[in-house]
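Data block below; observations after.
In our numbering, the protein residues as written are 37 to 408.
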């Protein structure tokens, strides 16, 4: 499945590097590396930058989750909750389980802090969405009431500037409502418009099949995750070519910038929350992540060389055609316009990572993580 392969590649690029550093490559590679000319895997020999350990028949501990009746019912309850109807409450104060629409402003030493203010926020009381004590402080408030809630941020906390600090949230309740879940009946199922389902029993079987497929995908992803970590621990890495590192860094920075913008935060804050470190030092953090990506690519390429795995020009053309078929979904006027933006050599690397991932998945032995 294409979805599964993209998920696997996310694993490949997302884990921390555990390999040790070793000697540099050949003299020619060193000279090209210093010039910054090397940017792609095809421009050098991967074995000059990594010494592989064992990578076939590696045993990893992974547990495959079972779709029990309890798990299935929990998922059904979740879906029903998503379809819950909201009923306004006007004759009482906020209770646990209610959804309170609130305005709030958090202050540290009397000054509002970044990210601590919102208007018209729907808060499910009892969800644990806010720091300890916030939701408890809203319980008992009436519509139109304003209240100061003194709290202490946990330590550690995602924002180190707030960790362990005493703050005051000024909260106003705008409205109260309760969510009423629909009852799972044959009539409800028929109204969902799912072709395979006309009654509750068919709906449960349909959802069980979906969850079973998801657990299989998660198992394969976890297996590859564990295999990559083991391979990295067994490998020895030298420094990566400067040009390739710069390319990875530029790509990663562009992607992270887009994610940060989507979440409405600056890139430094996003990087600090996802990768750790200081928001001010986000460039150093991303550079290190780019180095991790580059080393992982090199390790996978070395395995490809050992096993004779390659991406042909025909496979590259087919992959790009598949990628660009949904050009309109990415905001391009034509498939050719989208195709012109694709770095074909980088896409060849992407396809190579898919092939090596498949190889590793087939040559990794999963053993139960449970202790007897």
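We put the CB at the ideal spot given by N, CA and C, even for glycine.
From the DSSP output, in three-state form, read off residue i for me.
i: residue 257; result: helix
i: residue 325; result: helix
i: residue 73; result: coil
i: residue 153; result: strand
i: residue 361; result: coil
i: residue 412; result: For residue 412 there is no data in the structure shown, the boundaries of the chain being 37 and 408.
i: residue 409; result: Here the chain has residues from 37 to 408 only, and residue 409 is not among them.
i: residue 378; result: coil
i: residue 345; result: coil
i: residue 331; result: helix
i: residue 103; result: coil
i: residue 178; result: coil
i: residue 297; result: helix
i: residue 173; result: helix
i: residue 292; result: helix
i: residue 394; result: helix
i: residue 252; result: helix
For residue i, list the residues DSSP reports as bridge partners.
i: residue 286; result: Its beta-bridge partners do not exist; DSSP assigns none.
i: residue 401; result: 95
i: residue 186; result: 204
i: residue 147; result: 144
Express the C-alpha separation of residue j and residue i in angstroms, rounding to a whole number.
i: residue 165; j: residue 185; result: 16 Å
i: residue 80; j: residue 74; result: 7 Å
i: residue 126; j: residue 210; result: 11 Å
i: residue 364; j: residue 371; result: 8 Å
i: residue 138; j: residue 158; result: 6 Å
i: residue 124; j: residue 213; result: 4 Å
i: residue 272; j: residue 288; result: 24 Å
i: residue 230; j: residue 318; result: 46 Å
i: residue 309; j: residue 296; result: 11 Å
i: residue 416; j: residue 391; result: Absent from the model: residue 416. The displayed extent of the chain is 37 to 408, so no value can be given.
i: residue 360; j: residue 208; result: 49 Å
i: residue 110; j: residue 243; result: 11 Å
i: residue 378; j: residue 224; result: 46 Å
i: residue 76; j: residue 382; result: 7 Å
i: residue 153; j: residue 251; result: 39 Å
i: residue 260; j: residue 398; result: 10 Å
i: residue 375; j: residue 155; result: 43 Å
i: residue 85; j: residue 393; result: 20 Å
Rounded to whole angstroms, how far is the Cβ of residue i from the Cβ of residue j, which I believe are closer than 8 Å?
i: residue 96; j: residue 262; result: 4 Å
i: residue 132; j: residue 175; result: 6 Å
i: residue 189; j: residue 167; result: 6 Å
i: residue 121; j: residue 216; result: 5 Å
i: residue 328; j: residue 307; result: About 14 Å; that fails the 8 Å criterion.
i: residue 340; j: residue 388; result: 6 Å
i: residue 311; j: residue 321; result: 5 Å
i: residue 140; j: residue 206; result: 7 Å
Does the Cβ of residue i lie closer than 7 Å to at least one heavy atom of the ligand SAH?
i: residue 295; result: Looking for the ligand SAH in the displayed structure turns up nothing, as the structure carries no ligands at all.
Any beta strand (DSSP E) of 3 or more consecutive residues that is wholly inside the region 107-144: 121-125 and 135-144
query: Which residue spans inside the region 201-245 form an unbroken beta strand (DSSP E) run of at least 3?
result: 202-216
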